[in-house]
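**Student:** Protein chains in written order, with this note's numbering: chain B, 1 to 96; chain E, 97 to 192.
Dropping the structure here:
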């Protein structure tokens, strides 16, 4: 059974998925850069105040419909990924 | 202690966070639309094949540095949110 209206909305969702994917990867790349700068400057990689600042900014800008509890949860996952990538870079740096 | 290079990279991360937030909310709105169309057409809301299709497309387009396992995990959270919003709409529709 064909649903032209559904197909069009689904195409829109697919495009949004790929754009979100691209931005999360871009974000991870910038966080890797931050890791390198911190490494050079001898600053701690994990910074809970910075994480709090980011979550506050996200909360202030969350226009919905996603509830804030879900936004917090998704972004904490995104933060965790980026931190893990930084830690991998750090381990690699120690090995060379 | 001031770190102009860090500050500039962090500003970039903040901008990317807000753009990701905006797109996840836009995606949720489109999925709510899909829920309404399905409701009218009497189609099931949850469609595991559609979820598989979306994850495959994301996998094919994941240029990194985020590992695929993490991308799967983050997107499953994003899918879950959107489905919950659809279900809320459905419950509200039953109440009127």
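Every residue gets a Cβ at the ideal spot worked out from N, C-alpha and C, and that includes glycine.
1) Any heavy atom of the ligand ZN inside 8 Å of the beta-carbon of residue 156/E?
2) List the residues of chain E that residue 65/B touches, going by C-beta distances under 7 Å, in chain order.
3) Under 8 Å Cβ-Cβ, which residues of chain E neighbour residue 41/B?
4) Would you please state the rounded distance, in angstroms, between the beta carbons of residue 130/E and residue 20/B? I believe it to be under 8 Å.
5) Taking 9 Å as the CB-CB cut-off, is residue 10/B touching chain E?
6) Quick one: what does DSSP say residue 82/B is sitting in, helix, strand or coil?
7) With DSSP as the reference, label residue 99/B as helix, strand or coil.
8) Within the continuous alpha helix (DSSP H) that includes residue 53/B, where are the two ends?
9) Here's the rule I'm using: 16 or more other beta-carbon atoms within 10 Å means buried, otherwise exposed. How should residue 95/B be labelled?
10) Taking 8 Å as the threshold, find out whether the stretch 26 to 33 of chain B comes into contact with the stretch 156 to 172 of chain E through three or more Cβ pairs.
11) Using only CA atoms, which one of 85/B, 56/B, 44/B and 70/B lies nearest to residue 166/E?
12) From the DSSP output, in three-state form, read off residue 44/B for me.
13) Is DSSP giving residue 186/E helix, strand or coil here?
14) Buried or exposed: residue 17/B, going by 16 or more other Cβ atoms within 10 Å of its Cβ?
15) Helix, strand or coil: which one does DSSP assign to residue 4/B?
16) Once the 5 residues before and after residue 73/B are set aside, which same chain residues still bring their CB inside 6 Å of it?
**Tutor:** This is what the structure holds:
1) This structure does not include the ligand ZN; it has no bound ligands of any sort.
2) Within 7 Å Cβ-Cβ: 121, 124, 125, 128 and 181.
3) 99 and 102
4) At roughly 17 Å, the Cβ-Cβ gap does not stay under 8 Å, so residue 130/E and residue 20/B are not in contact.
5) Interface residue, yes.
6) It is helical.
7) Since the displayed chain B opens at 1 and closes at 96, residue 99/B lies outside it and no answer follows.
8) 48 to 61 is the extent of the alpha helix (DSSP H) around residue 53/B.
9) exposed
10) yes
11) 85/B
12) coil
13) helix
14) buried
15) Residue state, collapsed to three classes: helix.
16) Exclusion of the five residues before and after residue 73/B leaves no residue of its chain whose Cβ lies closer than 6 Å to its Cβ.
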